[in-house]
(Lines of atoms letter the chains of each structure in order from A and count residues from 1; the text may use other names and numbers.)
(Lines give C-alpha, C1' and ligand atoms only; values in the text may rest on other atoms or scores of the structure.)
Protein backbone atom coordinates (compact mmCIF):
# COMPACT_ATOMS: atom_id res chain seq x y z
CA UNK A 1 0.00 0.00 0.00
CA UNK A 2 1.57 3.29 -1.01
CA UNK A 3 1.97 6.10 1.47
CA UNK A 4 3.34 9.56 1.08
CA UNK A 5 6.13 10.45 3.47
CA UNK A 6 5.44 14.17 3.45
CA UNK A 7 5.08 15.91 6.77
CA UNK A 8 1.75 17.40 5.70
CA UNK A 9 -0.18 14.14 5.89
CA UNK A 10 1.58 12.25 8.69
CA UNK A 11 2.57 15.02 11.08
CA UNK A 12 6.05 16.26 11.82
CA UNK A 13 8.78 13.68 11.66
CA UNK A 14 12.56 13.58 11.77
CA UNK A 15 14.95 11.50 9.66
CA UNK A 16 16.07 8.45 11.62
CA UNK A 17 19.07 6.25 10.84
CA UNK A 18 18.41 2.57 10.21
CA UNK A 19 21.55 1.52 12.07
CA UNK A 20 22.58 -1.28 14.45
CA UNK A 21 21.09 0.60 17.39
CA UNK A 22 17.68 0.83 15.69
CA UNK A 23 17.81 -2.80 14.58
CA UNK A 24 18.68 -3.97 18.11
CA UNK A 25 15.92 -1.89 19.71
CA UNK A 26 13.19 -3.01 17.32
CA UNK A 27 14.17 -6.68 17.45
CA UNK A 28 14.63 -6.81 21.23
CA UNK A 29 11.61 -5.22 22.85
CA UNK A 30 10.48 -2.51 20.46
CA UNK A 31 9.12 -4.73 17.68
CA UNK A 32 5.53 -4.15 18.80
CA UNK A 33 5.91 -0.37 18.47
CA UNK A 34 7.23 -0.76 14.94
CA UNK A 35 4.47 -3.21 14.02
CA UNK A 36 1.79 -0.84 15.34
CA UNK A 37 3.34 2.03 13.38
CA UNK A 38 3.36 -0.01 10.17
CA UNK A 39 -0.22 -1.15 10.86
CA UNK A 40 -1.43 2.42 11.34
CA UNK A 41 0.27 3.62 8.14
CA UNK A 42 -0.75 0.70 5.92
CA UNK A 43 -3.61 -1.20 7.54
CA UNK A 44 -1.54 -4.41 7.32
CA UNK A 45 -2.42 -6.91 10.07
CA UNK A 46 -0.05 -7.48 12.99
CA UNK A 47 1.23 -10.99 13.64
CA UNK A 48 3.22 -12.29 16.58
CA UNK A 49 5.21 -15.38 17.41
CA UNK A 50 4.04 -16.50 20.83
CA UNK A 51 5.42 -19.46 22.79
CA UNK A 52 3.14 -20.19 25.73
CA UNK A 53 3.15 -16.96 27.72
CA UNK A 54 6.27 -15.66 25.97
CA UNK A 55 5.90 -12.96 23.34
CA UNK A 56 8.85 -13.60 21.01
CA UNK A 57 8.54 -11.13 18.11
CA UNK A 58 5.92 -9.30 16.06
CA UNK A 59 5.59 -7.77 12.60
CA UNK A 60 3.02 -6.86 9.97
CA UNK A 61 2.18 -8.96 6.94
CA UNK A 62 1.67 -7.35 3.54
CA UNK A 63 -1.06 -8.36 1.06
CA UNK A 64 1.40 -10.77 -0.62
CA UNK A 65 1.76 -12.69 2.67
CA UNK A 66 5.27 -11.47 3.48
CA UNK A 67 6.31 -10.37 6.96
CA UNK A 68 7.81 -6.89 7.42
CA UNK A 69 9.79 -5.84 10.48
CA UNK A 70 12.93 -3.81 11.27
CA UNK A 71 14.95 -6.17 9.07
CA UNK A 72 12.76 -5.40 6.07
CA UNK A 73 10.71 -7.79 3.96
CA UNK A 74 10.80 -11.53 4.66
CA UNK A 75 9.61 -14.36 2.43
CA UNK A 76 6.42 -15.68 4.02
CA UNK A 77 4.62 -14.77 7.22
CA UNK A 78 7.45 -15.18 9.72
CA UNK A 79 9.89 -12.40 10.55
CA UNK A 80 12.96 -14.40 11.50
CA UNK A 81 15.43 -12.40 13.58
CA UNK A 82 19.13 -12.99 14.25
CA UNK A 83 17.99 -14.54 17.56
CA UNK A 84 15.38 -16.88 16.05
CA UNK A 85 15.67 -20.62 15.85
CA UNK A 86 15.57 -22.28 12.43
CA UNK A 87 11.78 -22.62 12.68
CA UNK A 88 9.27 -20.70 14.80
CA UNK A 89 9.40 -21.70 18.48
CA UNK A 90 5.77 -20.89 19.07
CA UNK A 91 2.53 -20.20 17.31
CA UNK A 92 2.19 -17.40 14.78
CA UNK A 93 -1.03 -15.56 15.53
CA UNK A 94 -2.79 -12.38 14.49
CA UNK A 95 -2.28 -9.85 17.27
CA UNK A 96 -4.74 -7.10 18.23
CA UNK A 97 -3.73 -5.34 21.47
CA UNK A 98 -3.19 -1.85 20.04
CA UNK A 99 -3.96 -0.02 23.29
CA UNK A 100 -0.88 -0.97 25.31
CA UNK A 101 1.59 1.60 23.96
CA UNK A 102 3.04 3.72 26.75
CA UNK A 103 6.45 4.73 25.39
CA UNK A 104 5.78 7.70 23.12
CA UNK A 105 9.50 8.17 22.37
CA UNK A 106 9.74 4.63 21.01
CA UNK A 107 6.54 5.09 18.99
CA UNK A 108 7.89 8.33 17.46
CA UNK A 109 11.23 6.67 16.68
CA UNK A 110 9.40 3.82 14.93
CA UNK A 111 7.37 6.31 12.89
CA UNK A 112 10.50 8.27 11.97
CA UNK A 113 12.27 5.07 10.86
CA UNK A 114 9.40 4.00 8.64
CA UNK A 115 8.99 7.43 7.05
CA UNK A 116 12.76 7.79 6.58
CA UNK A 117 13.12 4.39 4.87
CA UNK A 118 9.82 3.61 3.10
CA UNK A 119 11.30 1.18 0.55
CA UNK A 120 12.95 -0.87 3.30
CA UNK A 121 9.49 -1.40 4.78
CA UNK A 122 7.91 -2.08 1.35
CA UNK A 123 6.05 1.23 1.27
CA UNK A 124 6.04 2.62 -2.22
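Numbering (the numbering used here), first residue to last: 120 to 243.
Glycine included, every Cβ here is placed at the ideal spot set by N, Cα and C.
- Judged by DSSP secondary structure, residue 214 falls within the beta strand (DSSP E) whose first and last residues are 210-214.
- Taking the C-beta atoms as reference points, residue 195 is found no nearer than 7 Å to residue 169.
- In this model, residue 231 and residue 133 are separated by some 6 Å (Cα to Cα).
- Cβ-Cβ distances below 8 Å link residue 200 to 146, 176, 188, 190 in the same chain, with the five nearest sequence neighbours on each side left out; the list follows chain order.
- When C-alpha distances from residue 151 are compared across 207, 213, 242, 171, the shortest belongs to 213.
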